[in-house]
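**Q**
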């Protein structure tokens, strides 16, 4: 593919890729509006793209998505999804429970220490908190509630384990990146610089439970 800026006058010469084909610079057409968005095309959900009618709509949507003050997540317990700027992100049952727990810690102004070991008081406290989250997410006695409790019990015989913690972080990062593209980092769970702890990048007022 040859790329030339159009000129006000005719200038004919052979193509660099096909010497037997001649090109007139005057006939060149450039759609500059689309060039800046080549690397960002995966940052917008396909469902939102369907509603974009012109270049201005594209710019306004991107501006809303990259402004930190507009970052907001709503955790919807009824279907185990996250709602982020009109994008619905589905999570597995266990990943939703974990994200719910981390979001609660953030709203409470807490972080999760990473210096715990299986069976110590910290790991036992954290596993107990996850059981509380299950009670808040699922109606007691329902199949979903019973299954979630049994799943946690099978994993937390000696409290929360780092492998479980790390697996959740990785899986959640993968699904958020898939659905949110370049906007995913603002919604991740990450290590806190200078501390042996993890927390949400969002602020407490950017988290809503539904």
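Numbering (the numbering used here), first residue to last: 4 to 213. The beta carbon of each residue, even a glycine, is placed where N, CA and C say it ideally should be. These figures come from a predicted structure and were not determined experimentally.
Using the C-alpha atoms, what's the distance from residue 82 back to residue 145?
**A** The sequence position of residue 145 within the chain shown is 142, counting from 1. The sequence position of residue 82 within the chain shown is 79, counting from 1. Taking the straight line from one Cα to the other gives about 14 Å.
**Q** If I measure Cβ to Cβ from residue 77 and keep anything under 6 Å in the same chain, skipping five residues before and after, which residues do I get?
**A** Stepping through the chain shown from its first residue, residue 77 is reached at position 74. So the list reads 86, 211, 213, once near-sequence residues are dropped.
**Q** Would residue 96 and residue 151 be called neighbours here (beta carbons separated by less than 9 Å)?
**A** Stepping through the chain shown from its first residue, residue 96 is reached at position 93. Stepping through the chain shown from its first residue, residue 151 is reached at position 148. Yes.
**Q** Considering only C-alpha positions, which residue in the set 74, 20, 183, 114 is nearest to residue 196?
**A** Here the question's residue 196 lines up with position 193 in the chain shown. Answer by Cα proximity: 114.
**Q** Report yes if the C-beta distance between residue 27 and residue 13 is below 9 Å; otherwise report no.
**A** Walking along the chain shown from the start, residue 27 turns up at place 24. Walking along the chain shown from the start, residue 13 turns up at place 10. Yes, Cβ-Cβ distance for residue 27 and residue 13 is below 9 Å.
**Q** Leaving aside the five residues before and after residue 161 along the sequence, list all residues of the same chain whose C-beta is less than 6 Å from its C-beta, in chain order.
**A** Here residue 161 is taken as the residue at index 158 of the chain shown, counted from 1. So the qualifying residues of the chain are 121, 122.
**Q** Give the DSSP-derived three-state secondary structure of residue 94 in the structure shown.
**A** In the chain shown, the residue the question calls residue 94 occupies position 91. Note: residue 94 maps to coil in three-state DSSP.
**Q** Under a three-way DSSP split, which group does residue 152 fall into?
**A** Position 149 of the chain shown, counted from the start, is the residue given in the question as residue 152. If DSSP states are grouped into helix, strand and coil, residue 152 belongs with the helices.
**Q** Classify residue 126 as buried or exposed, calling it buried when 16 or more other Cβ atoms lie within 10 Å of its own Cβ.
**A** Sequence index remark: in the chain shown, residue 126 carries index 123 (1-based). Residue 126 should be labelled buried.
**Q** When burial is assigned at 16 or more other CB atoms within 10 Å of the CB, is residue 173 buried or exposed?
**A** Here the question's residue 173 lines up with position 170 in the chain shown. Residue 173 is exposed by the Cβ-count criterion.
**Q** If you run the structure through DSSP and keep just helix, strand and coil, what is residue 169?
**A** In the chain shown, residue 169 corresponds to position 166, counting from 1. Residue state, collapsed to three classes: helix.
**Q** Which whole-angstrom value describes the C-beta separation of residue 118 and residue 176, a residue pair presumed to lie in contact below a C-beta threshold of 8 Å?
**A** Position 115 of the chain shown, counted from the first residue, corresponds to residue 118. Position 173 of the chain shown, counted from the first residue, corresponds to residue 176. Not a contact, Cβ separation roughly 22 Å.
**Q** Please name the residue or residues paired with residue 116 in a DSSP beta bridge.
**A** In the chain shown, the residue the question calls residue 116 occupies position 113. 200, per the DSSP bridge assignment.
**Q** Start and end of the beta strand (DSSP E) containing residue 212?
**A** Within the chain shown, residue 212 is the residue found at index 209, counting from 1. Its beta strand (DSSP E) spans residues 210–212.
**Q** Residue 100 to residue 137, Cα distance in whole Å?
**A** As a position in the chain shown, residue 100 is number 97, starting the count at 1. As a position in the chain shown, residue 137 is number 134, starting the count at 1. So the alpha carbons of these two residues sit roughly 7 Å apart.
**Q** Taking just the CA atoms, how far does residue 124 sit from residue 79?
**A** Residue mapping note: residue 79 aligns to position 76 of the chain shown, counting from 1. Residue mapping note: residue 124 aligns to position 121 of the chain shown, counting from 1. The alpha-carbon atoms of residue 79 and residue 124 are separated by roughly 31 Å.
**Q** Helix, strand or coil: which one does DSSP assign to residue 180?
**A** Counted from its first residue, the chain shown places residue 180 at position 177. It is helical.
**Q** Could you pull out every residue in the same chain whose Cβ sits closer than 6 Å to the Cβ of residue 20, ignoring the five residues on either side in sequence?
**A** In the chain shown, counting from the first residue as 1, residue 20 sits at position 17. Closer than 6 Å at the Cβ level, and outside the excluded window around residue 20, lies no residue.
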